[in-house]
Structure formats: structure tokens, C-alpha cells
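Trainee: Keeping their order, the protein sequence lines are chains A and B.
Just so you know, we're using this note's numbering here: the first sequence kicks off at 38 and counts up by one.
Just so you know, we're using this note's numbering here: the second sequence kicks off at 3 and counts up by one.
One structure, pasted below without further comment.
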Amino acid sequence: MPVLLVAEQALNGLQYGMMLFLMAAGLTLVFGVMGLINLAHGSLYMVGAFACATVAASTGWFWLGLLASLAAAAAAGAIIEVLVIRRLYARDHLDQVLATFALILVFSEGTRWVFGSFPLYLNLPPALSGAVTLPGGLQYPLFRLVIIAVGAAVAVGLWLLISRTRLGIRIRAGEADREMIAALGIDIARLYTVVFALGAALAGLAGALVGSIQSVQVGMGEPVLILAFVVVVIGGIGSIKGALIGAMLVGMTDTLGKALLPGFFAQFMDVSSANTIGASLASMLIYILMAVVLIVRPQGLFGARV
Amino acid sequence: MGQAFTRETWINLLIFTVLVAVAVFAHLSGQGFTVTLATKAAIFALAGVGLNLALGYGGMISFGHAAFFGIGGYACGILASHAANGTPIFAFLAGSNNMLVIWPIAMIASGLAALVIGALSQRTSGVYFIMVTLAFAQMIFYFAISWPRYGGEDGLSFYVRNNFPVMNTFAPIQYFAICATLLALALIATAVITQSRYGLALQAVRQNSQRSKAVGIRPYAVLLTAFVLSGMITGLAGALYADLNRFVSPTMLSWHMSGEIMVFVILGGVGRLCGPVAGAGIYILLEHVLGGVSEYWQALLGLMLLVIVLFAPGGLIGLLSGRKRHA
Numbered sequence: 038m039p040v041l042l043v044a045e046q047a048l049n050g051l052q053y054g055m056m057l058f059l060m061a062a063g064l065t066l067v068f069g070v071m072g073l074i075n076l077a078h079g080s081l082y083m084v085g086a087f088a089c090a091t092v093a094a095s096t097g098w099f100w101l102g103l104l105a106s107l108a109a110a111a112a113a114g115a116i117i118e119v120l121v122i123r124r125l126y127a128r129d130h131l132d133q134v135l136a137t138f139a140l141i142l143v144f145s146e147g148t149r150w151v152f153g154s155f156p157l158y159l160n161l162p163p164a165l166s167g168a169v170t171l172p173g174g175l176q177y178p179l180f181r182l183v184i185i186a187v188g189a190a191v192a193v194g195l196w197l198l199i200s201r202t203r204l205g206i207r208i209r210a211g212e213a214d215r216e217m218i219a220a221l222g223i224d225i226a227r228l229y230t231v232v233f234a235l236g237a238a239l240a241g242l243a244g245a246l247v248g249s250i251q252s253v254q255v256g257m258g259e260p261v262l263i264l265a266f267v268v269v270v271i272g273g274i275g276s277i278k279g280a281l282i283g284a285m286l287v288g289m290t291d292t293l294g295k296a297l298l299p300g301f302f303a304q305f306m307d308v309s310s311a312n313t314i315g316a317s318l319a320s321m322l323i324y325i326l327m328a329v330v331l332i333v334r335p336q337g338l339f340g341a342r343v
Numbered sequence: 003m004g005q006a007f008t009r010e011t012w013i014n015l016l017i018f019t020v021l022v023a024v025a026v027f028a029h030l031s032g033q034g035f036t037v038t039l040a041t042k043a044a045i046f047a048l049a050g051v052g053l054n055l056a057l058g059y060g061g062m063i064s065f066g067h068a069a070f071f072g073i074g075g076y077a078c079g080i081l082a083s084h085a086a087n088g089t090p091i092f093a094f095l096a097g098s099n100n101m102l103v104i105w106p107i108a109m110i111a112s113g114l115a116a117l118v119i120g121a122l123s124q125r126t127s128g129v130y131f132i133m134v135t136l137a138f139a140q141m142i143f144y145f146a147i148s149w150p151r152y153g154g155e156d157g158l159s160f161y162v163r164n165n166f167p168v169m170n171t172f173a174p175i176q177y178f179a180i181c182a183t184l185l186a187l188a189l190i191a192t193a194v195i196t197q198s199r200y201g202l203a204l205q206a207v208r209q210n211s212q213r214s215k216a217v218g219i220r221p222y223a224v225l226l227t228a229f230v231l232s233g234m235i236t237g238l239a240g241a242l243y244a245d246l247n248r249f250v251s252p253t254m255l256s257w258h259m260s261g262e263i264m265v266f267v268i269l270g271g272v273g274r275l276c277g278p279v280a281g282a283g284i285y286i287l288l289e290h291v292l293g294g295v296s297e298y299w300q301a302l303l304g305l306m307l308l309v310i311v312l313f314a315p316g317g318l319i320g321l322l323s324g325r326k327r328h329a
């Protein structure tokens with residue numbers, strides 16, 4: 038296996054992992070702070086992608102589209118928090134699952150109604166398209182490097198936000214004791230709306246970035262949502278650090294597995310069955326990883342509670 | 003058993019009677035399509051009865067029951083397709099198109115999957131349990147998609163419905179009779195199980211696992227047993243569903259399917275015997291009615307679900323019987 042190919046796949050895995058981190062960070066914040074399981078998180082990802090594609094196509098400015106994705110997803114998040122999610126905090130997880138499953142139906146079919154069933158495509162601005170030559174001679178798409186950088190910046194930003202700011206202190210306090218911080222005069226309802234909108238904006242950003250390299254279509258958020266769940270389970274609920282490390286593990290395992298396993302099996306069997314076995318094993322690999330983590334640590338790598 | 007007929011028992015009987023009456027009436031007035039809809043409702047109800055055992059009586063929020071539904075379906079499809087082209091599955095194991103052979107195999111296969119998934123998922127609880135069961139179902143979903151031997155993404159068709167002794171399974175009303183009978187048997191089994199000593203232990207574990215430990219009940223074994231039984235019933239429903247369509251595909255394994263089975267249970271009433279029957283019936287009815295209203299009927303369905311969750315948490319039977327759930 039040539040070294041360059043492995044390096045390229047490792048970068049792809051890193052990029053994939055960063056995208057998963059943007060998704061998982063919002064999920065894990067909402068889990069950790071509000072104890073809420075939100076299946077509609079993938080819909081917010083979709084909202085971000087559609088907002089970016091629409092605004093970028095009509096104005097011709099990709100950056101404006103990116104801003105629109107943040108704004109639209111945050112707004113959609115705030116609206117569903119106020120209208121629906123707010124009523125679910127005190128309910129059991131079952132009601133949360135059902136209600137947010139219903140939200141998925143509403144979002145998906147609503148989007149299909151407005152935009153139709155055909156995928157949209159985003160054009161990257163010239164400054165971000167094309168490839169760069171990395172040390173070692175590897176040609177790599179610039180935009181994927183941008184995604185890695187954005188993911189890293191968000192990780193640092195979230196860490197600073199939570200450890201250094203007043204909002205972060207409130208988020209951590211809300212995680213520890215809801216009644217106590219309400220008694221201290223903090224508007225807990227508004228805090229929850231803000232946290233939910235923040236998580237939604239991150240999902241929207243991920244949607245816009247991924248929509249720019251693939252396509253924007255109804256239902257695009259669902260496979261990503263499941264992967265984000267896997268990341269959160271591996272990393273441990275409520276832990277941003279866990280989400281980052283879990284996302285890297287999942288991104289790398291998935292990408293490298295898909296790239297390398299067929300070749301590995303071809304060493305000792307014929308090519309077609311090696312491809313079949315390699316592909317099916319590769320697509321299950323992250324779930325196997327998750328099972329192993331759970332057997333060793335049921336609360337996830339960095340989770341405090343079971 | 004042992005208790006007087008409560009209002010809820012009458013409601014349960016009524017719900018089942020309505021389902022059968024709809025099918026019989028449709029058959030007599032020559033509406034084969036409606037009979038098929040009722041059959042679909044009975045099969046979905048059976049899948050829900052399976053999930054209800056884990057979810058309602060065991061308190062285990064499984065979001066991966068599509069795995070068992072799909073495994074049951076694939077067991078049926080694989081056996082039928084091998085029977086059709088006469089090739090063995092393994093060296094000596096032949097296919098079959100006899101439902102009496104297919105059902106136990108489907109139930110054993112889904113039961114084994116439930117044993118493995120349950121044994122691992124039991125290590126977690128709460129949100130983790132929901133997501134872990136979901137992820138295991140995804141694992142099987144992706145396996146089915148990337149395994150070309152049995153159709154991969156395109157699924158597996160078998161052109162002839164499997165046989166049942168004496169009956170003509172092609173006649174819609176006869177196939178309905180088979181499915182409705184199995185549904186009735188599963189309901190009776192659930193009633194017997196939940197009111198047995200084991201069922202009381204399950205209830206004790208759901209309500210307070212610490213205290214049940216103190217009186218000598220092992221929560222792990224009790225819950226795992228419920229999970230396996232639950233998977234087996236849902237797997238049987240999957241085999242029936244495959245036969246209804248004469249087709250299986252990874253869609254049966256998808257997480258949307260898990261969500262839908264859960265919707266049947268919650269819509270009707272969690273932990274209530276006939277909740278899944280009412281839920282599946284209403285779901286099929288809504289699908290049919292709303293589908294006629296708008297192409298985007300799923301959005302309407304979603305809105306109705308939201309209203310139900312937010313304002314009628316006991317489900318339909320909760321509304322009708324006016325009794326607190328798990329009284």
C-alpha cells in the first residue's frame with residue numbers, strides 16, 4: 038500500500054472526523070445539559086445545508102451562504118426548542134424519541150415540499166476550490182483542509198466557551214444542578230434555548246460544509262445523525278473532549294477501514310470475495326468499535342455517568 | 003386472569019374485534035386492498051407487541067427493533083429463495099417454503115440476535131441503551147446493504163408466497179386469518195407472561211432495580227429474557243411481513259422502521275396489552291387517509307404525532323380507559 042494513499046486516506050478520515058465532531062458536539066451538549074435525546078439534530082444539519090445552498094446560489098457569495106447556514110439552523114433550533122423541545126425536558130426519553138422522530142418527518146417532508154426531491158449542488162468559491170500540494174508531494178483538495186481547520190477552530194472555541202466564559206459556567210452549572218442555578222436567579226429557560234440554538238448552529242455549519250463537497254438533499258442528515266450518536270456513545274455523554282476524540286476515532290476507523298480492508302483481505306483470498314467481505318466488514322467496523330468500547334467502559338471513554 | 007373484566011379488557015377485545023371485522027367486511031364486499039391493509043396492520047401490530055414486551059413491560063427503550071423485524075424477514079426470504087432455486091444454504095441445509103418451518107427459524111434467528119444485542123446493551127441504561135440498540139441495528143442494516151449475495155441494497159424478491167398446510171395463502175383473507183391468529187396468540191402469550199411470576203419480577207425490575215435485587219431477583223437475567231422474547235415476536239412479524247410483500251430489503255432493517263414500530267406502541271399506549279394493535283391500526287389508517295390528502299402526508303403524520311406526544315402521553319388506550327399507565 039503506497040504511503041501517499043494512506044496519508045490521503047488519513048486526511049480524509051480527519052476531515053470526516055471533524056465533520057462528525059461538529060454534529061456530535063451539539064448532541065452531547067444537549068444531552069449533557071438538558072438530558073434530552075434529540076433525533077431531529079440531523080434535520081438541523083439538513084436545514085443548514087439547504088440554507089447555504091439557497092443563499093449561495095441566489096447571491097453568488099459562498100460566505101454569505103455559510104453565515105446563512107449558521108443563522109437558519111440556530112433559528113430553526115430556537116423555534117423548535119420553544120415550541121416543542123421545552124415541553125419534553127421533564128418527560129422520559131421515550132416521549133423525547135417519539136416527538137423528535139415526529140419532528141424529522143415534519144422537517145424532511147416540509148423541505149421536500151419547498152425544494153422538491155432533487156439534490157442541489159453548491160459551487161465552491163475559486164479561493165477554496167482546487168488542490169494544494171502538501172509536504173511529501175501529496176495533492177489534497179483545499180476545501181477538505183478548510184473543513185479540518187474549521188473543526189479544530191470550533192473545538193478550541195467550544196473549549197474556551199465552556200471553560201472560560203460566563204455562559205460556559207452557566208452551562209456547566211446547569212448540567213450539575215438545574216434547580217440550584219434557577220434558584221440563583223439564572224433564567225434557565227433562556228439558557229436552554231441558547232444552548233440548543235448553539236448546538237443547532239454547529240449542526241447547520243456541518244451541513245453546509247459537507248453539502249459543499251457532496252450534494253444537498255432531503256434525508257442527508259439521517260446517516261450522519263446515527264454516526265454522531267455512535268460518536269457520543271463512544272466519547273461519553275456530555276463530554277466535549279469525548280465528542281472530539283470519539284469523532285476522530287470513528288472518522289479514522291471508517292475511512293481507513295473502507296480504504297484498506299479490501300486490500301488486506303485480497304492478500305489471502307480472491308479479489309471479488311475480498312472486496313465483498315472487506316466492504317461489509319468496513320461498513321460495520323465503527324459499530325464493532327462502539328461495542329468494544331461499551332464492553333470495556335459502558336459509560337463511554339470520557340463519560341461520567343451511565 | 004384471576005381478575006375481573008376491567009374497562010381496559012373490554013377495550014382490548016373491542017380493538018381486536020374491530021381489526022377482524024374490518025378485514026371480514028372488506029372481504030365480503032370484495033375490497034381485497036383493504037384486506038391487505040388490515041393484514042399489514044395485524045403484522046405491524048405483532049411487531050409492536052414484541053417491542054411492547056421490552057419497552058412497556060421491561061422499561062427497555064429499544065430503538066433497534068427493526069433489526070429483529072428485518073432478521074425475521076431475511077430468514078423468510080433466504081429460505082424461500084433457496085427453496086425456489088433448489089440450492090442448499092449450507093452444505094446440507096436446504097431452503098424451505100413451508101411457513102411452519104420458516105417461522106421457528108425466523109424466531110430463533112432473531113432471538114439469537116436479541117440475545118447478543120441484549121446482552122451487550124444491558125450493560126448500559128437510559129440514553130445509552132437507546133443509542134446502543136440503534137447502533138447495533140445499523141450494524142446489521144449496513145451488513146445487509148453491503149452483502150450482495152442476498153440482493154444487497156436492492157433487496158431480495160421471492161415470487162411465490164410460502165405455504166401453510168390446508169390453507170391458500172394467496173387468498174388475502176386467508177393470509178389475514180393466519181396473521182391475525184398469530185397476533186392473537188402473541189397477545190395471549192403476553193398476557194400470560196406479564197401476569198406470571200416472571201412477569202411480576204419483570205415489573206419489579208422495571209419499577210426499581212435496586213429493590214428487586216434486594217429481594218433476590220437478578221435484573222440482568224430478567225431483562226435479558228424479556229428482550230429475547232421481544233425480539234423473537236418481532237422477528238416472527240418480520241417473516242410475515244416478508245411473505246406479505248414477497249420481498250425483503252434493508253428498508254426493513256432501517257432505523258425508520260425501528261421508529262415506526264415504536265410509534266405503533268406509543269400511539270396505542272405503552273405497556274398496554276392491545277396498545278400496539280390500536281397504534282398499528284391507526285397508523286395504517288392515517289397513512290392511507292393522509293396519503294390521499296397530500297403527497298407530503300408524512301409531514302401531517304409528524305404533526306399529529308407531536309400533538310399526541312405532547313398532549314396525550316398515555317396513548318389512545320390511555321385516553322379511552324382513563325387509567326394511569328402501569329397502574
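In this text, a Cβ means the ideal position worked out from N, Cα and C, and glycines have one as well.
1) If the cut is a Cβ gap below 9 Å, which residues of chain B does Y126/A touch?
2) Quick one: residues in its chain with C-beta nearer than 6 Å to the C-beta of H328/B, no 5 flanking neighbours on either side, listed in chain order?
3) Which residues mark the beginning and the end of the alpha helix (DSSP H) in which Y177/A is found?
4) Closest by CA to L269/B, which one among A314/B, M259/B, Y298/B and G233/B?
5) Quick check: what's the CA-CA separation for I286/B versus T41/B?
6) Consider the Cβ of F166/B: report whether some Cβ of chain A lies at a distance smaller than 8 Å.
7) Label L197/A either buried or exposed according to how many other C-beta atoms from any shown protein chain fall within 10 Å of its C-beta, with 16 as the threshold for buried.
8) Tell me whether the beta-carbon of L235/A lies closer than 8 Å to the beta-carbon of G211/A.
9) Which residues mark the beginning and the end of the beta strand (DSSP E) in which V168/B is found?
10) Buried or exposed: which applies to T170/A, given that a residue is buried once 16 or more other Cβ atoms fall within 10 Å of its Cβ?
11) Starting from L171/A and walking both ways along the beta strand (DSSP E), at which residues does that stretch end?
12) Residues bridged to L204/A by DSSP?
13) Would A216/B be called buried (16 or more neighbouring beta carbons within 10 Å of its own) or exposed?
14) What residues of chain A sit near V268/B, judged by a beta carbon separation below 7 Å?
15) For I271/A, verify whether its CB is less than 7 Å away from any heavy atom of the ligand NAP.
16) Tell whether a beta-carbon distance below 8 Å holds between L136/B and S260/B.
17) Would you say V92/A reaches chain B, if we count a Cβ-Cβ gap shorter than 8 Å as a contact?
18) Span of the alpha helix (DSSP H) holding P278/B?
19) So, does the CB of A328/A fall closer than 8 Å to a CB anywhere in chain B?
20) By DSSP, does N374/A sit in helix, in strand, or in coil?
21) Classify S127/B as helix, strand or coil using the three-state DSSP reduction.
22) Going along the chain, which residues of its own chain have a beta-carbon closer than 8 Å to the beta-carbon of M133/B, five neighbours each way excluded?
23) Check whether the stretch 87 to 106 of chain A and the stretch 59 to 70 of chain A are in contact - that is, three or more C-beta pairs closer than 8 Å.
24) Can you tell me whether S214/B is helix, strand or coil according to DSSP?
25) Helix, strand or coil, according to DSSP, for N75/A in the structure here?
26) Hey, S83/B and F160/B: beta-carbon distance below 8 Å or not?
27) Hey, which unbroken runs of the beta strand (DSSP E) at 3 residues or more fall wholly within the stretch 84 to 165 of chain A?
28) Are A23/B and G240/B touching if we call contact CB-CB under 8 Å?
29) Can you list the beta strand (DSSP E) stretches of 3 or more residues lying completely in the stretch 20 to 62 of chain B, in chain order?
30) According to a CB-to-CB cut-off of less than 7 Å, which residues of the stretch 115 to 143 of chain B neighbour chain A?
31) Spell out the partners DSSP gives S159/B in its beta bridges.
32) Please state whether DSSP places L225/B in a helix, a strand or coil.
33) Answer yes or no: do P221/B and V207/B have a C-beta to C-beta separation smaller than 8 Å?
34) Using CA atoms only, rank isn't needed, just tell me which of V232/A, E45/A and F99/A is closest to L195/A.
35) Any C-beta of chain A sitting closer than 8 Å to the C-beta of M259/B?
36) Below 8 Å between beta carbons: does that hold for T292/A and N49/A?
Mentor: In this structure, then:
1) Per Cβ cutoff of 9 Å: no residues; Y126/A is ~13 Å from chain B at best.
2) At H328/B the pLDDT is 46, less than 50, meaning the model places this residue with poor confidence and gives no usable figure here.
3) Unbroken run through Y177/A is the beta strand (DSSP E), L175 to P178; no alpha helix (DSSP H).
4) A314/B
5) 10 Å
6) no
7) exposed
8) no
9) V168/B -> no beta strand (DSSP E), and no H or E assigned at all.
10) exposed
11) A168 to L171
12) For L204/A, which the question treats as bridged, DSSP gives no partner whatsoever.
13) exposed
14) Reading the sequence as shown, one finds Ile at residue 268/B and not Val. Result: L131 and L135.
15) Here there are no bound small molecules, and the ligand NAP is not part of this structure.
16) yes
17) no
18) G277 to V295
19) yes
20) It is not possible to answer for residue 374/A, since the shown part of chain A is limited to 38 through 343.
21) coil
22) F65
23) no
24) helix
25) coil
26) yes
27) none
28) no
29) none
30) L122, R125, T126, S127, G128, V129, Y130, I132, M133, V134, L136, A137, F138, Q140 and M141
31) F249/B
32) helix
33) yes
34) V232/A
35) no
36) yes
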